[in-house]
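A.B. asks:
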Amino acid sequence: MRAQVGIIGAGPAGMFLAHLLHAAGIKVVVLEQRDRAYVEGRVRAGVLEQTTVQLMHRLGIGARVAREGLVHAGTTLCVDGEPFHVDFADLTDGGAVTVYGQSEVMKDLNLAADDRGIRIIYGAANVTLDGLDGDHPAVSWTKGKTMRRLACDFVVGCDGYHGVSRASIPADQLKTFERVYPFGWLGILADVPPCNHELIYANHQRGFALASMRSPTRSRCYLQCAADDRVDEWSDERFWDEFSERIGASFTARIVRGPSFEKSIAPLRSFVCETMRWGRLFLAGDAAHIVPPTGAKGMNLAAADVIVLGEAFAAWYGAGDSSGLEDYPRRALDRIWKAERFSWWLTNLTHRFPHMDVFDRHMQIAELSYLKRSRAAQTAFAENYVGLPLDF
Ligand SMILES: Cc1cc2nc3c(=O)[nH]c(=O)nc-3n(C[C@H](O)[C@H](O)[C@H](O)COP(=O)(O)OP(=O)(O)OC[C@H]3O[C@@H](n4cnc5c(N)ncnc54)[C@H](O)[C@@H]3O)c2cc1C
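The numbering used here applies: residue -5 is where the sequence shown begins, and numbers increase by one.
Here it is as structure tokens:
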């Protein structure tokens, strides 16, 4: 098989890139180790920046997000039960985020890929990359008992944090940075109306909580939990009791409890691999960086990476201009580090750390009190939350 660009991973980064390249007339093949139902069913991100929504419209897959997405022009922060509101629209000249689940984004991307004949090979096992440091890279995989091979000009690793692409770069060529947080996020999905029309970020002395949603009838709620907690230790009753306590008295009465149909624990980490290009391999999305989910930036960063990379490939194939490909790591990392900073800052501001003493707690409360009263501080928060412009 042959393609101009071989893409590893059919998550948001891989599929957004496949559409961008297809629109530029570049022949792509996407290799995905799981099946389509798994990729579309994965419950993960749910808050889209404006840049991501605009990308969906540009690719002609924006009809459903326009119809069903919940536009949030603000959010509420809560300190030990005392809420205050941050008005994104007022602070950022009409800025907003859109609540729309990652699984819905994937369904929209995949349906359009069917219509456009974009080739995605699901169930590709044992993916191996070779020739990345030469002019003729290739990707091999097995499907059943058959071994297949894709020859291409470039390979793009969109295969997430645990994928094979970053691992194919020699260890002495990798420049990485990592911070692992000493807690996790326990998340549930339940078919009950959310307790507020916008998200609530709660800093409580018992730990962080986030009230989010997927629709007016489906709640997505999170609790900070111990890094080694197990899902089976958290009955729905225990979850709702703890959530009610942390989210604060102003919202407790509005909580509608219901059985969860998804419950999982996610570890929190910050990670950047600055080696986003090695020979003819490029990395994009979670393959190159991870943020703690507090700032809702992961999927949005994946989309921003591939916008930059898509432009670079279009310039290369359209006009033989390689400057965009050479500049890709610098341009992408500039945005990535800013999103890393915001996600790290918001995590530090809202979570309870095991080492925290009374002084640390006062620092958090003082900063939140400043955020509550200062328009300048709220503007900085709002413009980062709704998403900085692409080349900020
Ligand atoms: C609890 C939680 C909440 C989150 N909330 C938000 C949010 O509100 N907003 C936000 O923007 N982000 C959020 N994120 C992050 C977001 O989900 C990720 O950043 C996003 O999925 C990254 O997309 P990706 O395509 O880079 O990687 P992935 O979605 O991980 O996709 C990678 C794909 O590659 C495939 N793959 C892996 N290895 C191989 C291999 N060897 N061969 C072939 N295929 C392979 C995988 O099966 C997968 O389909 C959240 C994440 C979590 C866990």
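Using N, Cα and C, we set each Cβ at its ideal position, and we do this for glycine too.
In whole angstroms, what separates the C-alpha of W158 from that of Y311?
C.D. replies: Here residue 158 turns out to be Val, not Trp, going by the sequence shown. Answer to the nearest angstrom: the Cα atoms are 26 Å apart.
A.B. asks: Could you pull the start and end residues of the alpha helix (DSSP H) that S337 belongs to?
C.D. replies: S317 to T344 is the extent of the alpha helix (DSSP H) around S337.
A.B. asks: Work out the CA separation of A205 and A298 for me, nearest whole Å.
C.D. replies: Going from the Cα of A298 to the Cα of A205 covers about 26 Å.
A.B. asks: Using 8 Å for Cβ pairs, my map puts Y155 next to A281. What's the rounded Cβ distance?
C.D. replies: So it is a contact: roughly 7 Å between Cβ atoms.
A.B. asks: Where in the segment 52 to 77 do unbroken runs of the alpha helix (DSSP H), each at least 4 residues long, occur, reported from the N-terminal end onward?
C.D. replies: Complete alpha helix (DSSP H) runs here, min 4: 57 to 62.
A.B. asks: Between E334 and ligand 1, is the CB less than 7 Å from at least one heavy atom?
C.D. replies: No - ligand 1 has no heavy atom lying nearer than 7 Å to the Cβ of E334.
A.B. asks: Give the single residue among C72, M100 and A370 whose Cα lies nearest to the Cα of L42.
C.D. replies: The residue with the shortest Cα to Cα distance from L42 is M100.
A.B. asks: Taking its Cβ as the centre, do 16 or more other Cβ atoms sit within 10 Å of H294, making it buried, or is it exposed?
C.D. replies: Per the sequence presented here, residue 294 reads as Asn, with His not at that position. Burial call: buried.
A.B. asks: Once DSSP output is grouped into helix, strand and coil, what is the label at T288?
C.D. replies: Reduced to three states, the DSSP call for T288 is helix.
A.B. asks: Which residues in the same chain as A376 place their Cβ atom closer than 7 Å to its Cβ, once the five residues preceding and following it in sequence are excluded?
C.D. replies: Cβ within range, chain order: V80, F82, L85, T86 and G89.
A.B. asks: What are the complete beta strand (DSSP E) segments, minimum 3 residues, inside the segment 151 to 229?
C.D. replies: Correct list: 170 to 184, 194 to 198, 201 to 209 and 212 to 220.
A.B. asks: When you compare the segment 217 to 232 with the segment 177 to 189, are there three or more beta-carbon pairs, one atom per stretch, that lie closer than 8 Å?
C.D. replies: Touching, per the Cβ criterion.
A.B. asks: Identify whether P253 lies in helix, strand or coil by the three-state DSSP scheme.
C.D. replies: Three-state DSSP puts P253 in coil, outside helix and strand.
A.B. asks: With a threshold of 7 Å on Cβ separation, who are the neighbours of I20 within its own chain once the five nearest residues in sequence on each side are excluded?
C.D. replies: Once the five neighbours on either side are set aside, the close Cβ partners of I20 are Q(-2), V(-1), F307 and Y311.
A.B. asks: Using a Cβ-Cβ cut-off of 8 Å (strictly less than) and excluding sequence neighbours within five positions of D354, which residues of its own chain qualify?
C.D. replies: Around D354: F347.
A.B. asks: Any heavy atom of ligand 1 closer than 7 Å to the CB of I2?
C.D. replies: Result yes, Cβ under 7 Å from ligand 1.
A.B. asks: Count the other C-beta atoms from every protein chain shown that fall within 10 angstroms of the C-beta of F171, then say buried if there are 16 or more, exposed otherwise.
C.D. replies: Classification for F171: exposed.
A.B. asks: Please report the straight-line C-alpha distance between E34 and N120, rounded to a whole angstrom.
C.D. replies: Spanning the two alpha carbons is a distance of roughly 21 Å.
A.B. asks: G40 and G95: beta carbons closer than 8 Å?
C.D. replies: Yes, they are a contact pair.
A.B. asks: Grab me the residues of K257's own chain with a C-beta within less than 6 Å of its C-beta, minus the 5 sequence neighbours each way, in chain order.
C.D. replies: Answer for K257: I182 and V225, listed in chain order.
A.B. asks: Consult DSSP for T246 and reduce its assignment to one of helix, strand or coil.
C.D. replies: In this structure, T246 counts as helix in the three-state DSSP scheme.
A.B. asks: Can you confirm whether the segment 138 to 148 touches the segment 183 to 194 when touching is taken to mean that 3 or more C-beta pairs between the two stretches lie within less than 8 Å?
C.D. replies: They do not touch, by the three-pair rule.
A.B. asks: Leaving out the 5 sequence neighbours to the left and right, which residues in its chain are closer than 8 Å to K332 when beta-carbon positions are compared?
C.D. replies: Taken in chain order, the residues that qualify are N378, L382 and F386.
A.B. asks: Is P6 near ligand 1, judged by its Cβ being under 7 Å from some heavy atom?
C.D. replies: Correct: P6 has its Cβ closer than 7 Å to ligand 1.
A.B. asks: Over what stretch of residues does the beta strand (DSSP E) that includes F276 continue unbroken?
C.D. replies: Taken as a continuous stretch (DSSP letters only), the beta strand (DSSP E) holding F276 covers L275 to L277.
A.B. asks: With a threshold of 16 other CB atoms inside 10 Å of the CB of F255, please say whether the residue is buried or exposed.
C.D. replies: That one is exposed.
A.B. asks: F242: buried (16+ other C-beta within 10 angstroms of its C-beta) or exposed?
C.D. replies: The amino acid occupying residue 242 in the given sequence is Gly; Phe does not appear at that position. So G242 counts as buried.
A.B. asks: Give the secondary structure of N9 by DSSP, where H, G and I count as helix, E and B as strand, and everything else as coil.
C.D. replies: Strictly speaking, residue 9 in this sequence is Met, with Asn absent from that position. Note: M9 maps to helix in three-state DSSP.
A.B. asks: Check whether the Cβ of P131 sits closer than 7 Å to any heavy atom of ligand 1, and report yes or no.
C.D. replies: No - ligand 1 has no heavy atom lying nearer than 7 Å to the Cβ of P131.
A.B. asks: Classify G289 as buried or exposed, calling it buried when 16 or more other Cβ atoms lie within 10 Å of its own Cβ.
C.D. replies: By the neighbour-count rule (16 or more Cβ atoms within 10 Å), G289 is buried.
A.B. asks: Would you please state the rounded distance, in angstroms, between the beta carbons of A184 and P253? I believe it to be under 8 Å.
C.D. replies: The pair is a contact, with the Cβ atoms about 6 Å apart (cut-off 8 Å).
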